[in-house]
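Residue numbering for the sequence shown follows my numbering, beginning at 317 and increasing consecutively. The block underneath contains the structure these notes are about, expressed in structure tokens.
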Amino acid sequence: MIADEFARQGTKSFIVQAETIGPYSPAIRTGSFVFVSGQIGLDPATGALAGNDIQAQTRQAMSNLLTILSKAGCDSSDVVQCTVYLTDMKEFPSMNQIYGGYFQEDRYPTRTTVEVRSLPRNAKIEVAAVAYAPQLPQ
Numbered sequence: 317m318i319a320d321e322f323a324r325q326g327t328k329s330f331i332v333q334a335e336t337i338g339p340y341s342p343a344i345r346t347g348s349f350v351f352v353s354g355q356i357g358l359d360p361a362t363g364a365l366a367g368n369d370i371q372a373q374t375r376q377a378m379s380n381l382l383t384i385l386s387k388a389g390c391d392s393s394d395v396v397q398c399t400v401y402l403t404d405m406k407e408f409p410s411m412n413q414i415y416g417g418y419f420q421e422d423r424y425p426t427r428t429t430v431e432v433r434s435l436p437r438n439a440k441i442e443v444a445a446v447a448y449a450p451q452l453p454q
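As structure tokens, this is what we get:
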């Protein structure tokens, strides 16, 4: 496949959405894969967390993720893997209910959920993703 050959050549596209809170790229496309850095529930308009609760932060983190995917020419149906970091696993059911609404019910990506001690800006959740979306070189 041409896209696979494109990936073997080591071509990378850096996907920039807005300023990040650290020295990293929001996403990188290499061949057919898009790797999205972890997104917390920061509202890009204010730079503040979308709320103090897991529901608001999950919605904003997923919105941020979808915005970046869109800039890479992808959507949630292209996501093949997510990693979710939670600061309190007791909030898993609430996060899970909201998270599930961003994907087609019979086509969920693989997922790993991990409890961590803390996240940047005291966020409750961070979501990273990998998408597969073949794209021919231009």
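Glycine included, C-beta positions come from ideal geometry on N, C-alpha and C.
Distance, residue j Cα to residue i Cα
{"i": "Ala447", "j": "Asn412", "result": "20 Å"}
{"i": "Gly367", "j": "Thr426", "result": "27 Å"}
{"i": "Leu435", "j": "Val400", "result": "11 Å"}
{"i": "Thr403", "j": "Glu442", "result": "9 Å"}
{"i": "Thr362", "j": "Ala439", "result": "15 Å"}
{"i": "Asp359", "j": "Ser392", "result": "19 Å"}
{"i": "Ser329", "j": "Ser386", "result": "14 Å"}
{"i": "Lys406", "j": "Ala364", "result": "24 Å"}
{"i": "Met378", "j": "Ala343", "result": "14 Å"}
Residues that residue i bridges to, as DSSP identifies them
{"i": "Arg427", "result": "Cys398"}
{"i": "Arg433", "result": "Paired residues: none, contrary to the question."}
{"i": "Ala447", "result": "Val350 and Val395"}
C-beta atoms of residue i and residue j nearer than 7 Å
{"i": "Ser410", "j": "Ile370", "result": "yes"}
{"i": "Cys390", "j": "Val430", "result": "no"}
{"i": "Gly354", "j": "Gln373", "result": "no"}
{"i": "Ala449", "j": "Leu381", "result": "no"}
{"i": "Ala388", "j": "Arg423", "result": "no"}
{"i": "Val432", "j": "Ile384", "result": "no"}
Residue i Cβ short of 6 Å to the ligand COA heavy atom set
{"i": "Thr428", "result": "Among the components modelled here there is no ligand, and therefore nothing to report on the ligand COA."}
Cut-off 7 Å between Cβ atoms - residues of its own chain near residue i, not counting five sequence neighbours on either side
{"i": "Val396", "result": "Pro425, Thr426, Val446, Ala447 and Tyr448"}
Any chance you could list the alpha helix (DSSP H) runs of at least 4 consecutive residues sitting entirely within the segment 361 to 424, in chain order?
370 to 387 and 408 to 416
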